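Asks: Before I ask anything, here is the structure I am working with.
Protein chains: 2
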Amino acid sequence: MAGTNSEQVLLAEGPAIILVEPQLGENIGMVARAMANFGLAELRIVNPRDGWPSEKARAAASKADHVIDGVMVYERLEDAIADLNFVYATTARFRDGFKPVRSPVTASQTLRQKFVAGEKTGILFGREKSGLSNEEVALADEIVTFPVNPAFASLNIAQAVLLMSYEWMKSGMEDLAAVPFDAVEQTPATKTELIGLFEHLEDALDARNYFHPASKKPRMVENLRAVLSRRAFTSQEIKVLRGVVSSLDRFQRRWAAKDVKTGAATGDGQDADGNAETA
Amino acid sequence: MAGTNSEQVLLAEGPAIILVEPQLGENIGMVARAMANFGLAELRIVNPRDGWPSEKARAAASKADHVIDGVMVYERLEDAIADLNFVYATTARFRDGFKPVRSPVTASQTLRQKFVAGEKTGILFGREKSGLSNEEVALADEIVTFPVNPAFASLNIAQAVLLMSYEWMKSGMEDLAAVPFDAVEQTPATKTELIGLFEHLEDALDARNYFHPASKKPRMVENLRAVLSRRAFTSQEIKVLRGVVSSLDRFQRRWAAKDVKTGAATGDGQDADGNAETA
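Line by line, the protein sequences are chains A and S.
The numbering of the first sequence is this note's numbering, which starts it at 1 and goes up by one.
The numbering of the second sequence is this note's numbering, which starts it at 1 and goes up by one.
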């Protein structure tokens, strides 16, 4: 989806993302893009199979060049996490160890707290096919796992990074219902405007004998008004609707002038327009 | 990451995902995989550029065959949403319309409520390069947008679907801190076992004149015990630690028997072991 605003400040802070022996440059690039989407920038790679730098990674990063340019490559995982204070390992499998297992929401809140406290943190992601080894998980403080469909739990590495990056972004938001833009605030029309619409429409309908038989008219008007007031129209919307009524009214009255009684007698007007009683 | 458990029930319910004129089969496949990861199964496609079926889509779906096999293809968006009661449009751009804009969290809660009430819902995703047109957005009830980095807001279509699918899954969870598996509950050792470790270690250190000068011994013991009790060891861990102390103790006492005073006098014992006072 389009929508990047290059005049905005580029967010680039938070935990380091550490990929252990990734195989495909495309995946590394998509990881970089996912990080950039949600304000992360520090990407570390342990033994990329196809070497580094990688043109495939840069292409797949879709202009997340600041992440690609800053990549650090290591031979050993121990070196890649040497300067960090706290590390999560991501895994979809139960490990027979004693490390606490956290949801992405909990883990992101922990990472945010540590970030605020000035600690350096990181998140480990394993190989495309085999994930992290037990020895690699053992280097982490805690485990994070995703609430996936149990029968289809295998997440692509870039998607796993995306989810953690997204939760990282959310962990810094006070209101999870907040949106970056919204529709313009709509002021409902005054009741004078609304009643003007009612009367305009009812007059046009009356001219066609829509309210038939006369004994049912009060109930039909009531239902029609309920339909028209269930949503609070704005002044502008009322103007549009009155324009529509006026337009229909002019045309129909010319046609109906010589034939109004026949049309009314067969009840066509009510059925074709949708009987207000059933609304 | 590995971890699929094919004996588990396959989740396949919730809103339809509707892709409007997607260009690449690979993206459609990654969308199917993301849906399967989080329990969605109903994929509808309007005018896929490269036709349907697509072998590239199937390959990229990584065995989400139940989603690929169930794909419905439409020529017009109007037909693709004809049977739905409520539709979201995803967009990263402000639209000059009057539709409410929701966060993924809010939108997923709404979709879950409507699902429980028996309504049929869907989420629209636009073209890779240009997203949805204003006319297409106008067919939706509300807009959903992602809390992205303002300076890098362009989300890949499969990643956008992944985030909505993930939030859909979370909207059905009572506890967002819940995890599908966790470490085995650890019972802390009894204080008898813990004090046994303290005394075992302190005896071995005493034999090497570690607590030097004698006036500092109480403070050094206190610090050492604080280090060893900050985390609640289990019985098994205490056994492991006492085995380590025993092993070091045997070796060192043989070596130290003739030389213990020299070593102690230079303070090597304290520095090399990490002085307990600084812990």
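Glycine included, C-beta positions come from ideal geometry on N, C-alpha and C.
All of these numbers come straight from a predicted model, not from anything done at the bench.
I want to verify the contact list: residues of chain A whose CB lies under 9 Å from the CB of S:P218, in sequence order.
Replies: On the second sequence, residue 218 of chain S is found 218 positions in, with the first residue counted as 1. By Cβ distance, chain A contributes nothing, its closest Cβ being about 32 Å from S:P218, past 9 Å.
Asks: Would you say A:A177 faces chain C, with C-beta separation under 8 Å as the test?
Replies: Chain labels in this structure do not include chain C; the protein chains are A and S.
Asks: Let me confirm a value: A:R230 is counted as buried when at least 16 other C-beta atoms fall within 10 Å, else exposed. Which label applies?
Replies: Position 230 of the first sequence, counting from 1, holds the residue named residue 230 of chain A. Classification for A:R230: exposed.
Asks: Output, in chain order, the set of chain S residues within a Cβ distance shorter than 7 Å of A:I166.
Replies: For this step, residue 166 of chain A is matched to residue 166 along the first sequence. For clarity, residue 166 of chain A is Tyr in the given sequence; the question names Ile instead. Ordered by position in chain S, the residues that pass the 7 Å Cβ test against A:Y166 are L163.
Asks: Measure the C-alpha to C-alpha separation of S:V137 and S:F115 and round it to an integer number of angstroms.
Replies: To locate residue 137 of chain S, count along the second sequence from 1; it is residue 137. To locate residue 115 of chain S, count along the second sequence from 1; it is residue 115. For S:V137 and S:F115, the distance between alpha carbons rounds to 22 Å.
Asks: What residues from the stretch 99-123 of chain A come within 7 Å of chain S, judged by C-beta to C-beta, listed N to C?
Replies: Cβ contacts with chain S: K99, P100, V101, R102, S103, V105, T106.
Asks: Less than 8 Å between the CB atoms is what I'm expecting for S:F211 and S:L205, so what's the real figure, rounded?
Replies: Position 211 of the second sequence holds residue 211 of chain S. Position 205 of the second sequence holds residue 205 of chain S. Correct: roughly 6 Å between the Cβ atoms.
Asks: With H, G and I counted as helix, E and B as strand and the rest as coil, what does DSSP make of S:M30?
Replies: The residue given as residue 30 of chain S occupies position 30 in the second sequence. Correct three-state label for S:M30: helix.
Asks: Indicate whether the contact test is met: 3 or more Cβ pairs, each with one atom in the stretch 174-191 of chain A and one in the stretch 178-189 of chain S, closer than 8 Å.
Replies: Output reads no: the stretch 178-189 of chain S does not touch the stretch 174-191 of chain A.
Asks: Identify the contact partners of S:A226 in chain A, using a Cβ-Cβ distance below 9 Å as the criterion.
Replies: Counting from 1 along the second sequence, the entry for residue 226 of chain S is found at position 226. Ordered by position in chain A, no residue passes the 9 Å Cβ test against S:A226, which lies about 20 Å from the chain.
Asks: Between A:G39 and chain S, is any beta-carbon pair separated by less than 8 Å?
Replies: Within the first sequence, numbered from 1, the residue matching residue 39 of chain A stands at position 39. At least one chain S Cβ lies under 8 Å of A:G39.
Asks: Quick check on S:E142: does DSSP put it in helix, strand or coil?
Replies: Against the second sequence, residue 142 of chain S aligns to sequence position 142. Note: S:E142 maps to strand in three-state DSSP.
Asks: Please work out which residues of its chain come closer than 8 Å, Cβ to Cβ, to A:E167, disregarding the five sequence neighbours upstream and downstream, and give them in chain order.
Replies: Your numbering for residue 167 of chain A matches position 167 in the first sequence. Closer than 8 Å at the Cβ level, and outside the excluded window around A:E167, lie P104, V105, A107, S108.
Asks: My parser needs the alpha helix (DSSP H) runs of 4 or more residues fully inside the stretch 130-184 of chain A; what are they?
Replies: Listed in chain order, the complete alpha helix (DSSP H) runs (minimum 4 residues) inside the stretch 130-184 of chain A are 134-138, 157-171.
Asks: Leaving out the 5 sequence neighbours to the left and right, which residues in its chain are closer than 8 Å to S:V245 when beta-carbon positions are compared?
Replies: Here residue 245 of chain S is taken as the residue at index 245 of the second sequence, counted from 1. Excluding positions up to five away in sequence, the list reads L197, H200, L201, A204.
Asks: Would you tell me roughly how many angstroms separate the C-alpha atoms of S:S6 and S:R44, rounded to the nearest one?
Replies: Taking the first residue of the second sequence as position 1, residue 6 of chain S is located at position 6. Taking the first residue of the second sequence as position 1, residue 44 of chain S is located at position 44. Here S:S6 scores only 49 on pLDDT, less than 50, and its place in the model should not be relied on; the value that follows carries that caveat. Answer to the nearest angstrom: the Cα atoms are 25 Å apart.
Asks: Can you give me the start and stop residues for the beta strand (DSSP E) that S:I68 sits inside?
Replies: Along the second sequence, read from residue 1 onward, the residue named residue 68 of chain S stands at position 68. Taken as a continuous stretch (DSSP letters only), S:I68 belongs to no beta strand (DSSP E), being part of the alpha helix (DSSP H) at 65-69.
Asks: So A:R44 is in the beta strand (DSSP E); what residue range does that whole segment cover?
Replies: As a first step, residue 44 of chain A is located in the first sequence; it is residue number 44 there, counting from the start. Where A:R44 is concerned, the enclosing beta strand (DSSP E) stretches over 43-46.
Asks: Look at the alpha carbon of S:L40 and the alpha carbon of S:I17, and state the distance between them as a whole number of angstroms.
Replies: The sequence position of residue 40 of chain S within the second sequence is 40, counting from 1. The sequence position of residue 17 of chain S within the second sequence is 17, counting from 1. In a straight line, the C-alpha of S:L40 is about 8 Å away from that of S:I17.
Asks: So which residues on chain A does S:T187 lean against when the C-beta distance must stay under 7 Å?
Replies: On the second sequence, position 187 is the one that residue 187 of chain S refers to. Within 7 Å Cβ-Cβ: nothing; S:T187 doesn't reach chain A, min ~12 Å.
Asks: Using a Cβ-Cβ cutoff of 8 Å, what residues of the stretch 32-60 of chain S are near chain A? List them in chain order.
Replies: Within the stretch 32-60 of chain S, the qualifying residues are R33, A34, A36, N37, F38, G39.
Asks: Sorted by chain position, which residues of the same chain lie with C-beta nearer than 6 Å to A:G29's C-beta, five sequence neighbours on each side aside?
Replies: Along the first sequence, read from residue 1 onward, the residue named residue 29 of chain A stands at position 29. The residues are A57, A60, A61.
Asks: Compare the C-alpha of A:Q23 against each of A:L111, A:G131, A:R95, A:T234 and name the closest.
Replies: Sequence index remark: in the first sequence, residue 23 of chain A carries index 23 (1-based). It is A:G131.
Asks: Using the beta-carbon count (16 or more within 10 Å), is A:V148 buried or exposed?
Replies: Counting from 1 along the first sequence, the entry for residue 148 of chain A is found at position 148. Per the 10 Å Cβ criterion, buried.
Asks: So what's A:T110 in DSSP terms, helix, strand or just coil?
Replies: Taking the first sequence and counting its residues from 1, one reaches residue 110 of chain A at position 110. The answer is helix: DSSP assigns A:T110 an H, G or I state.
Asks: Taking C-alpha atoms, which residue in S:I238, S:S215, S:P218 lies nearest to S:L194?
Replies: In the second sequence, residue 194 of chain S corresponds to position 194, counting from 1. Residue S:I238 is the option with its Cα nearest to S:L194.
Asks: Go through its chain and collect everything with a Cβ distance to A:G122's Cβ below 7 Å, but skip five positions before and after it.
Replies: As a working note, residue 122 of chain A is residue 122 in the first sequence. P15, A16, I18, I81, L84, V87, listed in sequence order.
Asks: Given a limit of 8 Å on CB to CB distance, which residues of the stretch 64-79 of chain A reach chain S?
Replies: Under the 8 Å Cβ criterion, the stretch 64-79 of chain A contributes A64.
Asks: What residues from chain A crowd round S:V240, counting only those whose CB sits closer than 9 Å?
Replies: As a working note, residue 240 of chain S is residue 240 in the second sequence. The contacting residues do not exist; S:V240 stays about 12 Å from chain A at best.
Asks: To the nearest angstrom, how far is it from the Cα of S:M21 to the Cα of A:R250?
Replies: By one-based count along the second sequence, residue 21 of chain S stands at place 21. By one-based count along the first sequence, residue 250 of chain A stands at place 250. Here residue 21 of chain S is Glu; the residue named in the question, Met, does not match the sequence. Taking the straight line joining both Cα atoms gives about 42 Å.
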